[in-house]
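Before any comments, here is the structure.
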Amino acid sequence: MRIDMGSQLPQLTASRKITSDTQFMFQFYKPCFQFYAPNEQIAYMSEDNLRRSLITALQGCPLLFGRLTVHEDKSISLEYNPQNTNSPTMEFQRVQATYAELMEHGFSYALARRLGLDVSIPDGSISQSLDTPMLIVKVSYLSDGGVAMFSMSNHVAFDGNAVFSFIAHWAKCNREMAQQQHPEIGAVAPPPELQISGGSPESSIAKTLDNAPAEIAVDAAKSPEDIAAALTRKGGKVCTSVFSIPVSQVAQLKQQVVDSGVLEEGQWVSTNSVLAAFLAQNLGRANVAGGVFEAGDWTVFQSMDMRRPLGQPLRGLGSPVMLAEYQASNEEISDNKLLPRLALCVRQSISKYSGEYLRQAMAWMNSSYRKLAADGVDEPWRHFWFTALNSNCRAIGVSCMNRIPIYDADFGAGYPAMARSFNPRQNYVIVFPGPPTAKDSLDYDVLHLYISLEQPAMEALVADHRWSQICTLVSEC
C-alpha cells in the first residue's frame, strides 16, 4: 500500500534535471534484503512503529515522493509536487519461513525470492505512462521471530549511499520513537548525505556525435531493443554467487604490491585498485579455463563516482557514474606475478578522469542527447550505453561499494545480521561490506563479492585452488 502522509507531506518543491548527468543511463531499481535475527527487541520493528517512523523520516526527503517527468524537449526531471505525489509503498506479511532456514542457506537472495519475501522489480524504462514509486519496502515477519526487510529505490535518482543513508535515518527515527514509546509524529531532520548535486557545467570544448569519449556510445539508427540484443552475449546460463574475502587478505595483497618494487617514489595504489586487479586476473582466467572466452587482452573497468572530480556534494542524490577503463594485456591477466603491475596500471588509469575530461564527456553526451531529441528520436536516453558493458567482449568490471552504509539500519533490534543484494551483469563484481562482527558494532572483517559468470566460468573459478585459498563461497544467488 502507498504511504498515506496525510497533512505530514513536505511542502518544499524540488526538481532535479536528470539529463545533465549520466543518470538516465542507470534507470533501474536496486533491491536489497536486510535480515534481522530474533531477539527481545524485535518488537520495536512492529508494523505500527515502522509505518509511523517512515512517515516521520519521509518529511525531510521530498524527492522520495517525486515523479520522473519527460518534457516536450525530451529532457527528464525528477519533480516533487505536494498536490500530485508519487508516494512510496510499504507492505507487511507474516510467513512460515524462518530466520534459521535463511541462515542455513547463507541468506541466499534466490531463496528469499522463492519464499516470496521480495517485490517484483519494476521495468526501469522511463516513460510518461510509467508511474512507479521512488521507494518500495516489504517487511516479512518470520515465524521464528526474525525479520526480513526488502527495499529498493530508483537508482536513476538515488545511489546506494543515498538510499541506505535514508534507511539508516528511518531506523534512527523508529528506534527513538519505539524506545520512548511516544505516539506523536515529530519532524526529524533528514540525513545530511541527502543533498542535491548541482548540474555539472558543460565544457567549452564542443563535442559532436563523431567525437565520442571511448567509454560511451550512442546509436540513433537502431531501436533500443536491437541495441540491447547486440550488447547481450548469446551464451549459456549465468550464475551469481557471493564469496567472502578477509579484509586482512586484501591488506596482504596490497602489501604484496608495495613490496614488489613496482611503485616508484611518490606512486601509490588504493585498496580498491588492488582488489580490482586481483578480481580481474581470477575472473579472466576462469572465463578462459571454462571455454567462455579465448585468451586475449581484457578491458578492466571500475565504476567511478564523478562527484569528487566534478566538485559536487558526495553521497548526494543522483548517480553520476563513469566506467574508468584500463586495457589489460593477456599477460597481465594470466600471470599472477604481474598483479602488482596490473594494480598500478588500474590505479593510474583513473587519473585520466579529471574534472575537465568528465565535463567534456558530459558535454558531448548532453549535446548528442539534444540532437537526438531535436531529430525526433523517441526515448533518446535508451540509445546511449557504456561500451564496456558489451558482454560479447572480454571485459571485467568491479564496483567497490564497501563503504556504503548497508548495515547501519538499527531499528531498535540491533544491526542487520546479514544484507543481500544481487548482481545481474555477467563478468561484473559488486563489492559490499561483510556482516558486522558483533551485534552492537559496525566493524567487519570480510568483504562480500557478488560475482556473475557463465556457468562454465563459475565452475572453473570455484575449482581454482589459488582462488579457494583466499575466497570462500558464501551462497549462490
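In short: position in the sequence shown from 1, add 4, done, that's the numbering used here.
Each residue gets a CB set at the ideal place from its N, CA and C atoms; glycine is no exception.
This structure is a prediction, so every number in the text was calculated from the model and none was measured.
Asked, Found
"Minimum length 4: unbroken alpha helix (DSSP H) runs contained in the region 382-431", "none"
"Run of the alpha helix (DSSP H) containing THR60, from where it starts to where it stops", "51-62"
"Residue of PRO228, ARG71 and GLY401 minimising C-alpha distance to LEU279", "GLY401"
"Contact set for GLU335: own chain, Cβ-Cβ below 6 Å, skip 5 residues either direction", "none"
"Distance, ASN276 Cα to LEU314 Cα", "20 Å"
"HIS3 and SER248 closer than 8 Å at C-beta", "Given a span of 5 to 481 for the chain in the structure shown, any question on residue 3 remains unanswerable."
"Same chain, Cβ closer than 8 Å to LEU121, neighbours up to 5 away in sequence not counted", "PHE37, VAL99, ALA101, LYS142, SER144, ALA152 and PHE154"
"Cα-Cα separation, ALA281 to ASP449", "21 Å"
"Cβ-Cβ separation, ALA332 to VAL304 (assumed contact under 8 Å), whole Å", "5 Å"
"Given PRO217 as reference, the closest of LEU343, ASN370 and ALA116 once Cα atoms are compared", "ASN370"
"Selection from GLU458, ALA41, SER11 and MET138 that minimises the alpha carbon distance to LEU287", "GLU458"
"For THR93 and MET5, the rounded distance between their alpha carbons", "5 Å"
"Segment contact flag, the region 82-89 with the region 104-115, C-beta cutoff 8 Å, min 3 pairs", "no"
"Collapsed DSSP secondary structure at MET94 in the structure displayed", "strand"
"Touching by the beta-carbon criterion (3+ pairs, under 8 Å), the region 405-423 and the region 257-269", "no"
"Span of the alpha helix (DSSP H) around TYR448", "No alpha helix (DSSP H) contains TYR448, which DSSP labels as neither H nor E."
"Backbone secondary structure at GLN38 - three-state DSSP", "strand"
"Beta-ladder partner(s) of CYS481, from DSSP", "None; CYS481 has no bridge partner."
"Buried versus exposed call for GLY70 [16 or more other C-beta atoms within 10 Å across all chains shown]", "buried"
"Integer Cβ distance of LEU146 from SER157, believed to fall under 8 Å", "No, LEU146 and SER157 are not in contact; Cβ-Cβ is about 24 Å, not under 8 Å."
"DSSP-derived helix/strand/coil call for LYS78", "coil"
"Run of the beta strand (DSSP E) containing ASN158, from where it starts to where it stops", "151-158"
"Option in GLN97, SER472 and SER425 with minimal Cα separation from PRO35", "SER425"
"Sequence-distant residues of the same chain with beta carbon closer than 7 Å to LEU58, five excluded per side", "ILE7, MET94 and TRP174"
"Contacts around GLU83, its chain only, beta-carbon distance under 7 Å, and the 5 residues preceding and following it disregarded", "SER19, GLY70, ARG71 and THR73"
"Separation of LEU62 from ARG55, as counted between CA atoms", "11 Å"
"Beta-carbon gap between ALA232 and HIS387 smaller than 8 Å", "no"
"Pick from PHE436, HIS469 and THR441 that is closest to ILE455, judged by C-alpha positions", "PHE436"
"Per DSSP, the bridge partner or partners of LEU72", "LEU82"
"Per-residue burial, GLU219 [other beta carbons within 10 Å of its own, 16 or more giving buried]", "buried"
"Backbone CA spacing between ALA255 and VAL296 [nearest angstrom]", "31 Å"
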